[in-house]
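Undergrad: Residue numbers (the numbering used here): 6 to 529.
Ideal Cβ positions, reconstructed from N, Cα and C, are used throughout, including at glycine.
A quick note: this is a predicted structure, and the numbers were derived from the prediction, not measured.
So, in structure tokens, the structure goes:
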């Protein structure tokens, strides 16, 4: 039996923490003497001290009772474990965990040297860990009330303000027009937005005067379930291209139009090139996102892509591909929480230097907050899950299908016999229009390896590499950049179409033709 003499119990040590008043009660009656005025005065002056001592006694009693309950609880648990043979040598737990625990205990045994000699490690360490947990809980509680922590800005719900069209399947689509009117537009551009965005984005910060200078009509719209557009339960990239086509017809775009794709919104622009190529004049892609699981990517392209992303971002892509039902857990703790946050944290990715400077500015913050508020207007996670799943799923086509190539009909014996006596029936396949790609070389969100892959499978695509530019810095709030983009796409700035001048020229030509016909008949 272990000799415990000379060792203080925990009750004695706990009681020693409270200062002793020096008065001990022996059980004898206490005599009450008549107090003289000086003594009465001193008694009044020490009322607060008496109350303080009473509070200490209460705390001491509470701690003693609490400690006794914990000890009894521990003994009871120990008896249960002992009686149930959970820690016997033949038990499953000891056989599986005994050796690893013994090995870990041997490695950590040196920590016992920091304990006093009269302390049992089996009792001391659980107490230390328990106190540590209480301290961490207290620190975390105080940190939430710290006045130095900036207040979290709440999201606002704005009244509906969008213009909407009715689609053939009964859904409504919200859109926004910028630039010149339809009857004066030299170029029409339709821009689907990226993940966690809305129709309000368009080309962020583009000036109306610049659109008018080039005669551009910019139409942006809310994807299904975003902003003020109705959800679409069975949407895919084919239906996305059809939505874009219905929008163009509804807003009066009679001829071809340009598509503009930014980041993850590029997949909707790629779909338009694949499914409605006859209506597309050209494509402008900015940091275009592709399927990160694209099987035709080389090992080097795949490595360069995935190595640049954070572990959390990789996890979100994995969940979107394999377990999309877990995504709402993350979404409701970020952009669906009702509070605003930093864009880099919500994207689970660090940013380049220029992007960091840009997002710290008040202009970007105001735009970002309003765009996110519009994006999450419905407050449901399903549209975002659908968008994330579309990004990492089979698109139904490959970017290589957009490559211009001559295809001849060779299937079937009759066609083969016909080709022996006449020319084969061939036609051009792929997208025949121009494709421009702008890629920041310091983009941490969409790695430059994706642009390299695109230009490899689409050799006719024109890649504009932007040194030191990030994911946002070239496309957001840069008037000079916007001018360069329009000049590359549309050439010289000729302004909007002048319908009155065209009408006058037509009428003058008609008058001249009529006069010449009258003169000719008179001569006859």
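DSSP state of residue 290, grouped into three classes?
TA: Counting from one through the chain shown, the residue named residue 290 turns up at place 285. Strand, per DSSP.
Undergrad: Would you give the residue range spanned by the beta strand (DSSP E) that residue 168 belongs to?
TA: Within the chain shown, the letter at position 163 stands for residue 168. Unbroken beta strand (DSSP E) run through residue 168: 168-171.
Undergrad: Going by Cα to Cα distance, which pick from 84, 88, 72, 466 is closest to residue 291?
TA: Along the chain shown, one-based indexing puts residue 291 at 286. Here the closest residue by C-alpha is 466.
Undergrad: With distance defined between alpha-carbon atoms, name the residue in 264, 298, 309, 449 nearest to residue 348.
TA: One-based indexing of the chain shown puts residue 348 at position 343. Ranking the options by Cα distance to residue 348, first place goes to 449.
Undergrad: Can you tell me whether residue 36 is buried or exposed, with buried defined as 16 or more other CB within 10 angstroms of its CB?
TA: Stepping through the chain shown from its first residue, residue 36 is reached at position 31. Reliability of the predicted coordinates at residue 36 is poor, the pLDDT of 46 falling under 50, and no value is obtained from them.
Undergrad: Shorter than 9 Å from the beta carbon of residue 169 to some beta carbon of chain C?
TA: Going by chain labels, chain C is absent from the structure shown, which holds only one protein chain.
Undergrad: Nearest-angstrom Cα distance between residue 390 and residue 396?
TA: Numbered from its first residue, the chain shown carries residue 390 at position 385. Numbered from its first residue, the chain shown carries residue 396 at position 391. Near 10 Å, if we compare the C-alpha coordinates of residue 396 and residue 390.
Undergrad: With three or more C-beta pairs closer than 8 Å as the rule, is the segment 489-504 touching the segment 210-220?
TA: When Cβ pairs closer than 8 Å are counted between the two stretches, the segment 210-220 is seen to touch the segment 489-504, the count reaching three or more.
Undergrad: Buried or exposed for residue 78, going by 16 or more other Cβ atoms inside 10 Å?
TA: Taking the first residue of the chain shown as position 1, residue 78 is located at position 73. By the neighbour-count rule (16 or more Cβ atoms within 10 Å), residue 78 is not buried but exposed.
Undergrad: Counting only runs of 4+ residues fully inside the segment 307-348, write out the alpha helix (DSSP H) ranges in chain order.
TA: Qualifying alpha helix (DSSP H) stretches, in chain order: 316-327, 332-336.
Undergrad: Please work out which residues of its chain come closer than 8 Å, Cβ to Cβ, to residue 180, disregarding the five sequence neighbours upstream and downstream, and give them in chain order.
TA: Here residue 180 refers to the residue found at position 175 of the chain shown. Listed in chain order, the non-local C-beta contacts of residue 180 below 8 Å within the same chain comprise 167, 168, 169, 170, 204, 224, 225, 226, 227, 252, 256, local neighbours out to five positions each way being set aside.
Undergrad: Can you give the Cα-Cα distance for residue 307 and residue 454, rounded to whole angstroms?
TA: Stepping through the chain shown from its first residue, residue 307 is reached at position 302. Stepping through the chain shown from its first residue, residue 454 is reached at position 449. Using only the alpha carbons, I get a separation of about 8 Å.
Undergrad: So for residue 411, helix, strand or coil by DSSP?
TA: For this step, residue 411 is matched to residue 406 along the chain shown. Residue 411: strand per DSSP, three-state reduction.
Undergrad: Just the Cα atoms here: how many angstroms apart are residue 104 and residue 111?
TA: Taking the chain shown and counting its residues from 1, the one referred to as residue 104 is at position 99. Taking the chain shown and counting its residues from 1, the one referred to as residue 111 is at position 106. Those two C-alpha atoms are separated by around 10 Å.
Undergrad: CA-CA distance, residue 201 and residue 393?
TA: Here the question's residue 201 lines up with position 196 in the chain shown. Here the question's residue 393 lines up with position 388 in the chain shown. Distance between the alpha carbons of residue 201 and residue 393 is about 10 Å.
Undergrad: Which same chain residues end up closer than 8 Å to residue 263 when comparing Cβ atoms and leaving out the 5 residues on each side of it in sequence?
TA: Counting from one through the chain shown, the residue named residue 263 turns up at place 258. Hits under 8 Å: 192, 193, 194, 195, 285, 286, 287, 288, 289, 494.
Undergrad: Can you check the segment 464-501 for any beta strand (DSSP E) of at least 3 residues that lies completely inside it and give the ranges in chain order?
TA: With a minimum length of 3 residues, the unbroken runs of beta strand (DSSP E) contained wholly in the segment 464-501 fall at 467-471.
Undergrad: Around the C-beta of residue 360, are 16 or more other C-beta atoms found within 10 angstroms, so that it is buried, or is it exposed?
TA: As a first step, residue 360 is located in the chain shown; it is residue number 355 there, counting from the start. Label assigned to residue 360: buried.
Undergrad: What residue does the beta strand (DSSP E) around residue 177 start on, and which one ends it?
TA: Residue numbering aside, residue 177 sits at position 172 when the chain shown is read from its first letter. Looking at the DSSP string, the run of the beta strand (DSSP E) that includes residue 177 is 177-184.
Undergrad: Residues in the same chain with beta-carbon distance under 6 Å from residue 511, minus the five sequence neighbours each way, listed in chain order, please.
TA: Here residue 511 refers to the residue found at position 506 of the chain shown. In this predicted model, residue 511 has a pLDDT of only 39, less than 50, meaning its place in the structure is not dependable enough to derive any value.
Undergrad: Can you look up residue 1 in the DSSP assignment and give me helix, strand or coil?
TA: Beyond the ends of the chain as shown, which are 6 and 529, falls residue 1; an answer cannot be given.
Undergrad: From the DSSP output, in three-state form, read off residue 373 for me.
TA: By one-based count along the chain shown, residue 373 stands at place 368. Three-state DSSP puts residue 373 in a helix.
Undergrad: Thinking C-beta only, is residue 354 closer than 9 Å to residue 311?
TA: The residue labelled residue 311 in the question sits at position 306 within the chain shown. The residue labelled residue 354 in the question sits at position 349 within the chain shown. It is not a contact, given that the beta carbons lie outside the stated cut-off.
Undergrad: DSSP state of residue 284, grouped into three classes?
TA: The residue labelled residue 284 in the question sits at position 279 within the chain shown. Here residue 284 sits in helix by DSSP.
Undergrad: Figure out for me which residue from 272, 404, 267, 382 has the closest Cα to the Cα of residue 244.
TA: Against the chain shown, residue 244 aligns to sequence position 239. Comparing Cα positions, the closest option is 272.
Undergrad: Measure the alpha-carbon distance for residue 451 versus residue 443 and round it to whole angstroms.
TA: Here residue 451 refers to the residue found at position 446 when the chain shown is read from its first residue. Here residue 443 refers to the residue found at position 438 when the chain shown is read from its first residue. Residue 451 and residue 443: Cα-Cα distance of roughly 12 Å.
Undergrad: What is the DSSP secondary structure of residue 134, reduced to helix, strand or coil?
TA: In the chain shown, the residue the question calls residue 134 occupies position 129. Reduced to three states, the DSSP call for residue 134 is helix.
Undergrad: Excluding sequence positions up to five away, which residues of its chain have a Cβ less than 8 Å from the Cβ of residue 321?
TA: Within the chain shown, numbered from 1, the residue matching residue 321 stands at position 316. Hits under 8 Å: 332, 335, 353, 393.
Undergrad: Rounded to whole angstroms, how far is the Cβ of residue 468 from the Cβ of residue 456, which I believe are closer than 8 Å?
TA: Residue mapping note: residue 468 aligns to position 463 of the chain shown, counting from 1. Residue mapping note: residue 456 aligns to position 451 of the chain shown, counting from 1. With a Cβ gap of about 6 Å, residue 468 and residue 456 count as contacting.
Undergrad: When the Cα atoms are used, what is the spatial distance from residue 304 to residue 400?
TA: Translated into the one-based positions of the chain shown, residue 304 becomes position 299. Translated into the one-based positions of the chain shown, residue 400 becomes position 395. Whole-angstrom Cα-Cα distance: 21 Å.
Undergrad: Where residue 154 and residue 173 are concerned, what is the direct C-alpha to C-alpha distance, given to the nearest angstrom?
TA: Numbered from its first residue, the chain shown carries residue 154 at position 149. Numbered from its first residue, the chain shown carries residue 173 at position 168. A caution first: residue 154 carries a pLDDT of 46, below 50, which makes its placement in the model unreliable, though a value can still be read off. If I take the Cα positions, the gap works out to 51 Å.
Undergrad: Expressed to the nearest angstrom, what Euclidean distance is found between the alpha-carbon atoms of residue 362 and residue 371?
TA: Position 357 of the chain shown, counted from the start, is the residue given in the question as residue 362. Position 366 of the chain shown, counted from the start, is the residue given in the question as residue 371. Answer to the nearest angstrom: the Cα atoms are 15 Å apart.
Undergrad: Pull up the distance between the alpha-carbon of residue 301 and that of residue 405, whole angstroms please.
TA: What you label residue 301 is simply residue 296 of the chain shown in a count that begins at 1. What you label residue 405 is simply residue 400 of the chain shown in a count that begins at 1. Rounded to the nearest angstrom, the gap between the Cα atoms of residue 301 and residue 405 is 9 Å.
Undergrad: Leaving out five residues before and five after residue 487 in sequence, what residues of the same chain have Cβ atoms less than 8 Å from its Cβ?
TA: As a working mapping, residue 487 is identified with position 482 in the chain shown. Same-chain partners within the cutoff: 208, 210, 211, 212, 215.
Undergrad: Looking only at its chain, what residues have a beta carbon closer than 6 Å to the beta carbon of residue 41, apart from the 5 residues adjacent to it on each side?
TA: Your numbering for residue 41 matches position 36 in the chain shown. Any reading at residue 41 must be qualified, since the residue scores a pLDDT of 44, below 50, and its modelled position is unreliable; the value itself is stated next. None.
Undergrad: Can you tell me where the alpha helix (DSSP H) holding residue 395 begins and where it ends?
TA: Counting from one through the chain shown, the residue named residue 395 turns up at place 390. Element bounds for residue 395: 387-397.
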